[in-house]
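*Asks:*
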Amino acid sequence: MKVLFIQLISLLTILSSASGKTECRLSSLPPWSHKVLAGGCSRAFAQAVLYPVDALRTLAQTRDGRTLADVGTGALIKGCGQTSSFALFTGAFQFGIYGVVQPQYGPLIASACGAAGSCLVR
């Protein structure tokens, strides 16, 4: 989890340095890499935010009678870092492929290609 937040902070630092007289370092990267970076970061952030909600849902669906008080609040974020880092690569593949394919073939084909590409990570 710490690694994910450190990566997000470093990305925000790079983006914030683009304001004012400082030249944006991301402009030297190829155009498709912006979509890979944005897709990976957004997917990892969404996974990190929604992971505790999913853990609560799973706990509510179990039939063994345990409550949040029984398992502790640490159970809500246990495994969040691993899941979010996996989502980083999955999102990078999916949205990177989508961004490259969409201008030429349209959103439907690009979505199918992006979904197929994200399966390569799994």
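Here the sequence shown stands for residues 32 to 153, numbered as in the working numbering. For every residue, glycine included, the Cβ atom is placed at its ideal position computed from N, Cα and C.
#1: Would Ala91 and Leu107 qualify as a contact pair, given that the criterion is a beta-carbon distance under 7 Å?
#2: By the three-class DSSP mapping on this structure, what secondary structure does Val152 have?
#3: Give me the Cα-Cα distance between Trp63 and Gly127, rounded to the nearest whole angstrom.
#4: Check for me: the alpha helix (DSSP H) holding Gly103 runs from which residue to which?
#5: So, at 8 Å on beta carbons, what are the nonlocal neighbours of Lys66 in its own chain, with the 5 sequence-adjacent residues on each side left out?
#6: Please classify Ser115 as buried or exposed, where buried requires at least 16 other C-beta atoms within 10 Å of its C-beta.
#7: Whole angstroms are fine: how far does the CA of Val102 sit from the CA of Thr93?
*Replies:* On the basis of the coordinates in this document:
#1: The residue you call residue 91 lines up with position 60 of the sequence shown. The residue you call residue 107 lines up with position 76 of the sequence shown. Contact: no.
#2: Locating residue 152 in the sequence shown gives position 121, counting from the first residue. Here Val152 carries a coil assignment [DSSP, helix/strand/coil].
#3: Residue mapping note: residue 63 aligns to position 32 of the sequence shown, counting from 1. Residue mapping note: residue 127 aligns to position 96 of the sequence shown, counting from 1. The straight-line gap from Cα to Cα measures roughly 6 Å.
#4: For this step, residue 103 is matched to residue 72 along the sequence shown. If you look at Gly103, you'll find it isn't in any alpha helix (DSSP H); DSSP assigns it neither H nor E.
#5: Sequence index remark: in the sequence shown, residue 66 carries index 35 (1-based). Cβ neighbours of Lys66 beyond the five flanking positions: Phe126, Gly127, Tyr129, Gly130 and Val131.
#6: The count along the sequence shown starts at 1 and reaches residue 115 at position 84. With 16 or more Cβ atoms within 10 Å of its Cβ, Ser115 is classed as buried.
#7: Numbered from 1 along the sequence shown, position 62 holds the residue referred to as residue 93. Numbered from 1 along the sequence shown, position 71 holds the residue referred to as residue 102. Near 12 Å, if we compare the C-alpha coordinates of Val102 and Thr93.
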